[in-house]
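Only one structure is covered here, and it is reproduced in the block below.
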Amino acid sequence: MSKFFRSAVSSSSGSESGESDVEAPVAQARPLGRQDFAYPSDSEDEGPKRVVRSQKDKTFGELKELIRNSRNARNIKDVSKLLGIFEEHIKSWEKAKLILARENGGIPRFYIRYLVEVDDFVNEQWEDKEGRKTMSKQNAKALATFRQKIKKYNKEFEEQVNSYREEPDPLGYSSGALESNEEDEIDGDEIPNNIPAAVPAKKPKAVPVKKKVVRDASGSESEEDESDWGTESDESSASDLEPLEGKEMEELRRYFLKKDKTVTKAKDKEEKKAALRLKEEKRRAVIDEEDAEKENQISWEKVTYNKDAVKPLFDSKEEITGELVIKKLQELNTNRGRKSTNKKVYGRYLKELYKVTEENGLGIGLSAKILTVVISSLFEMNTRISDAMEFNSWTKSVETVNRLLNLLNENPNVIISISIGEDEENILDKTKPFHIHGSVILMVKRLDDELTKIFQSTDCHSTDYIEKLKGESSFCSLIEKAQLYADSQQKSGVFDQNEILLIYGLRIEHLYYKESEKLMESLCKVIYSFKNAPLARQRAMLSQIYHHALHDRWHKARNLMLMSHLQAIVDHSDANTQVLYNRTICQLGLCAFRHGLIREAHQNLSEIQNTQRSKELLAQGIPPRQSEKTAEQELKERSLQVPYHMHINLELMECVYLICSMLLEIPNIACYEYDVRRPLIGPPENTREHVVAASRAMLKGDWIKCRDYIINDKMNAKVWNLFRNSDNVKKVLISRIQEETLRTYLLMYSTIYSTVLLTTLCEQFQLSRQRIYAII
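Right under this line is the structure:
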């Protein structure tokens, strides 16, 4: 313990001075702070004294200053400011690391303590869900960023942080990493006068020593230092002084123990708030008692708050008429599309308006008008057109359009047409037909587009996709109802040619991959009758060809394709039509294969397979992102994707193409010298390797092994079970394998054998004499 906190030393040192008989001049004690008010002497330096600090002291001082600012930010829970300080701290630590590396120093403990405190603070704020809700947007965003950064940054100090958490520093502990004038361990409390001597937080400056003569019992005199701050020689004798013990030492420890100001301040605030609340409750209780005495006859009703509650549209005493409803509808439409308008509340107002109209019997025309506005509001729930509509909103839209179609079918005097202007509408006059601006066909088309986007945005392997797929059946019945309504109004001129083509095209596109031959033919004939609609005719023809090929009507599909000359004009069509053409070509190839027409199947499938972009051409997947494509182009490609339940199995198509290639090319290869350069070949694993292995067996004339490679349990599961009539396909395929293997065998071994008996070939390839004779 340093001696400058102790009382005067004993007088035993006086005998060592050698001046016992001569009285030394006593230095006059001057009051504290006298030098501050005295005139400066010539010996004193002019201006402030400079303190030379090392680079290590400066860098550590910056770190401790940032730690102090960080504590202040934590006290007020300013996470945004705390994040900025932490980023500055990282930069300062990078400088300090270089200095520590030169001096072979370790990580200071005060820095590890800072990281632990900040990490605990961030985790505490993150776990406080209620507190996060009350945070500002800036602080909430900064908290999420800070949580990731501190977690990532602490990985560099994981070992030191874990060891510190096992043995943390007590409150008020000073690491002693830097002995300087930094006061990071003390909160700035003033030292009271009644505290006994203790070790100061600052290293004091030396002051002049004052001496006095002390006479002992024998009458001798000795000099004694009474300096408040000792010199270096005095410090060397500190070990001879008596230490503090007992109560004084305990008071000293309590004084220098670091106090948590934030806890005490928070407690004081809570106590004040509790006192104010109690006072306010007492005041309210007195007021309630006085009011209860005055208003005993008044009955009170409890009012509950509902954030989703809407104000009533009309006053309870107001008479509801058609003109009033139209005026209210116009008021709602003026706020439509604004940012301040709550779309859900807007939809509730419209539904309430429709309910009021029905209850008061204000007319069919007004009900139909409100329904059209309700449908438009459901479509406008999404702020972005590219985003998929919620399935619940889509279902409500289907129900609303269905209700509107029922109303139109039951009331022929209500006409909704796009050719009617808004100024020409008749909503209330019952003596004339009700005319309303709009289009039911365009509403159905919008529902179809939204359903496609819903399928595209849903995981195709989830049960959610199956649940949403069930909604297609109700939508198909809605399309049928809209098509029948369009047929009934075709003579009246309500719908123009484009709307008729649109509704028929929608029904065809939801039927062409299903089994309905007569219905498909009748729908396509209607579209073929419009000679001024080339695009609609192309799509209808491709859909009909696809339908014929899917149901094994090969000759009808082939004849229709050759007659239409679509191969020459499809390049000038839009992207959707080109995708439909590619799908039709693939389905034609698979149909030819099922009929045993290997060359035709190979010819159709090669158009897609040779490009190595079958997934992209069939719109069943997006290629890897390329730098030359913009975001708009990628968004357009995603919108062209075919829903999963309409996909063509790519593995099946590739296997069929390879088998056709094997059956056609192996006999040609056998005409020339062929050497297998890989003597060690492993067993086949995928469909491609199975076909290659079968090709080698065919090249050797072993048709049984070739058949076993093509038709087995593994290939059945991957390929053949996907066909509806797989047994017939297998029989046709085995027959073609026998014939092509025989042809390959004759070409390969024609130079070895001069004559071969037909009976030997019949036994070897299990074919009749007539078939072998025809092949030879």
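Heads up, the sequence shown is in the UniProt record's numbering, so the first residue is 1 and it goes up one at a time.
Glycine included, every Cβ here is placed at the ideal spot set by N, Cα and C.
C-alpha gap between threonine 687 and alanine 694, whole angstroms:
For the purposes of this step, residue 687 is identified with residue 687 of the sequence shown, where counting begins at 1. For the purposes of this step, residue 694 is identified with residue 694 of the sequence shown, where counting begins at 1. Within the model, the alpha-carbon separation for threonine 687 versus alanine 694 is close to 11 Å.
For glutamate 517 and alanine 557, what's the separation of their Cα atoms in angstroms?
Within the sequence shown, numbered from 1, the residue matching residue 517 stands at position 517. Within the sequence shown, numbered from 1, the residue matching residue 557 stands at position 557. If you take the alpha carbons of glutamate 517 and alanine 557, they lie about 12 Å apart.
In angstroms, rounded to a whole number, what distance separates the CA positions of alanine 619 and phenylalanine 391?
Against the sequence shown, residue 619 aligns to sequence position 619. Against the sequence shown, residue 391 aligns to sequence position 391. The alpha-carbon atoms of alanine 619 and phenylalanine 391 are separated by roughly 23 Å.
At a cut-off of 7 Å, would you count threonine 759 as near the ligand GTP, judging by its Cβ distance to the nearest heavy atom?
This structure lacks the ligand GTP; in fact it carries no ligand of any kind.
Taking the straight line between their C-alpha atoms, what separation do you get for valine 756 and glutamate 689?
The sequence position of residue 756 within the sequence shown is 756, counting from 1. The sequence position of residue 689 within the sequence shown is 689, counting from 1. Annotation: valine 756 to glutamate 689 spans about 33 Å, alpha carbon to alpha carbon.
Along the chain, where does the alpha helix (DSSP H) containing isoleucine 608 start, and where does it finish?
As a first step, residue 608 is located in the sequence shown; it is residue number 608 there, counting from the start. That run of the alpha helix (DSSP H) goes 598–609.
Kindly indicate the opening and closing residues of the alpha helix (DSSP H) around serine 377.
Your numbering for residue 377 matches position 377 in the sequence shown. Segment 364–379, the alpha helix (DSSP H) holding serine 377.
According to DSSP, is histidine 435 part of a helix, a strand, or is it coil?
Locating residue 435 in the sequence shown gives position 435, counting from the first residue. Three-state result, histidine 435: strand.
Examine the Cβ distances between the segment 416–435 and the segment 595–609 and report whether three or more of them are shorter than 8 Å.
Taking 8 Å as the limit for Cβ pairs, the verdict is that the segment 595–609 does not touch the segment 416–435.
Would you identify the three-state DSSP class for asparagine 426, choosing helix, strand or coil?
Translated into the one-based positions of the sequence shown, residue 426 becomes position 426. Asparagine 426 falls in the strand class under three-state DSSP.
Per-residue burial, glycine 701 [other beta carbons within 10 Å of its own, 16 or more giving buried]:
Within the sequence shown, numbered from 1, the residue matching residue 701 stands at position 701. Under this definition glycine 701 is a buried residue.
Less than 8 Å between the C-beta atoms of alanine 276 and glycine 322, yes or no?
Position 276 of the sequence shown holds residue 276. Position 322 of the sequence shown holds residue 322. Here the sequence assigns leucine to residue 276, which means alanine is not the residue at that position. No.
In DSSP terms, what isoleucine 416 is bridged to
If you number the sequence shown from 1, residue 416 lands on position 416. Bridge partners of isoleucine 416: Ile436.
Is phenylalanine 110 helix, strand or coil when you go by DSSP?
As a first step, residue 110 must be located in the sequence shown, where it is residue number 110. Here phenylalanine 110 sits in helix by DSSP.
So that I know if they touch, is there some Cβ in chain C lying closer than 8 Å to that of methionine 653?
The question asks about chain C, but that chain is absent: this structure has only one protein chain.
What first and last residue would you give for the alpha helix (DSSP H) that runs through aspartate 78?
Taking the sequence shown and counting its residues from 1, the one referred to as residue 78 is at position 78. Premise fails: aspartate 78 is in no alpha helix (DSSP H) and is neither H nor E.
Reference serine 661, options Leu332, Phe593 and Gly621, closest by Cα:
Your numbering for residue 661 matches position 661 in the sequence shown. Taking only the C-alpha atoms, the option nearest serine 661 is Phe593.
Distance, Cα to Cα, leucine 742 vs lysine 730?
What you label residue 742 is simply residue 742 of the sequence shown in a count that begins at 1. What you label residue 730 is simply residue 730 of the sequence shown in a count that begins at 1. Near 18 Å, if we compare the C-alpha coordinates of lysine 730 and leucine 742.
For lysine 582, is the classification buried or exposed, using 16 other Cβ atoms within 10 angstroms of its Cβ as the cut-off for buried?
In the sequence shown, counting from the first residue as 1, residue 582 sits at position 582. One point to set straight first is that residue 582 is asparagine, not lysine, in the sequence displayed. Its Cβ being crowded by 16 or more others within 10 Å, asparagine 582 is buried.
Beta-carbon gap between residue 779 and alanine 368 smaller than 8 Å
Beyond the ends of the chain as shown, which are 1 and 776, falls residue 779; an answer cannot be given.
For glutamine 612, does the three-state DSSP call read helix, strand or coil?
Locating residue 612 in the sequence shown gives position 612, counting from the first residue. Coil.
Work out the CA separation of glutamate 359 and arginine 403 for me, nearest whole Å.
Mapped onto the sequence shown, residue 403 falls at position 403. Mapped onto the sequence shown, residue 359 falls at position 359. Each residue's alpha carbon lies about 16 Å from the other.
Inter-residue spacing [alpha-carbon to alpha-carbon] between leucine 523 and isoleucine 508:
As a position in the sequence shown, residue 523 is number 523, starting the count at 1. As a position in the sequence shown, residue 508 is number 508, starting the count at 1. Near 7 Å, if we compare the C-alpha coordinates of isoleucine 508 and leucine 523.
Check phenylalanine 495 in the structure and name its three-state DSSP category.
Working through the sequence shown from its first residue, we reach residue 495 at position 495. Residue state, collapsed to three classes: coil.
I'd like the ranges of any alpha helix (DSSP H) spanning at least 4 consecutive residues and lying wholly in the segment 465–533.
Listed in chain order, they are 471–488, 497–509 and 517–528.
Closest to aspartate 119 by CA distance: which of Asn104, Glu380 and Leu82 is it?
In the sequence shown, counting from the first residue as 1, residue 119 sits at position 119. Looking at the Cα atoms, Leu82 is the closest of the given residues.
Thinking just about the alpha-carbon of each residue, which of Cys706, Ile466, Ile326 and Leu324 is nearest to the one in isoleucine 666?
Within the sequence shown, the letter at position 666 stands for residue 666. Cα-wise, what sits closest to isoleucine 666 is Cys706.
What does the alpha-carbon distance come out to for the pair leucine 590 and arginine 336?
By one-based count along the sequence shown, residue 590 stands at place 590. By one-based count along the sequence shown, residue 336 stands at place 336. The alpha-carbon atoms of leucine 590 and arginine 336 are separated by roughly 52 Å.
In three-state DSSP terms, what is asparagine 686?
In the sequence shown, the residue the question calls residue 686 occupies position 686. Coil.
What are the boundary residues of the alpha helix (DSSP H) that tryptophan 720 is part of?
Mapped onto the sequence shown, residue 720 falls at position 720. Element bounds for tryptophan 720: n/a, residue is neither H nor E.
Can you tell me which of the three DSSP states isoleucine 67 falls into?
Within the sequence shown, the letter at position 67 stands for residue 67. Note: isoleucine 67 maps to helix in three-state DSSP.
Where proline 667 sits in the DSSP three-state scheme:
Locating residue 667 in the sequence shown gives position 667, where the first residue counts as 1. Looking at proline 667 - three-state DSSP - the assignment turns out to be helix.
Any idea what DSSP makes of glutamate 458, helix, strand or coil?
Counting from 1 along the sequence shown, the entry for residue 458 is found at position 458. Looking at the sequence provided, one finds threonine at residue 458 rather than glutamate. In this structure, threonine 458 counts as coil in the three-state DSSP scheme.
Kindly indicate which residue of Lys432, Ile772 and Lys273 has the alpha-carbon position closest to the one of arginine 736.
Here residue 736 corresponds to residue number 736 of the sequence shown, with the count starting at 1. Of the listed residues, the one whose Cα sits closest to arginine 736 is Ile772.
Leucine 652 and leucine 722 look like a contact to me (Cβ under 8 Å); what is the Cβ gap, rounded to whole Å?
Taking the sequence shown and counting its residues from 1, the one referred to as residue 652 is at position 652. Taking the sequence shown and counting its residues from 1, the one referred to as residue 722 is at position 722. In this structure leucine 652 is in contact with leucine 722, their Cβ atoms being roughly 5 Å apart against a cut-off of 8 Å.
Cβ neighbour criterion (16 or more within 10 Å) applied to leucine 767
Counting from 1 along the sequence shown, the entry for residue 767 is found at position 767. The residue in question, leucine 767, is buried, as its Cβ has 16 or more Cβ neighbours within 10 Å.
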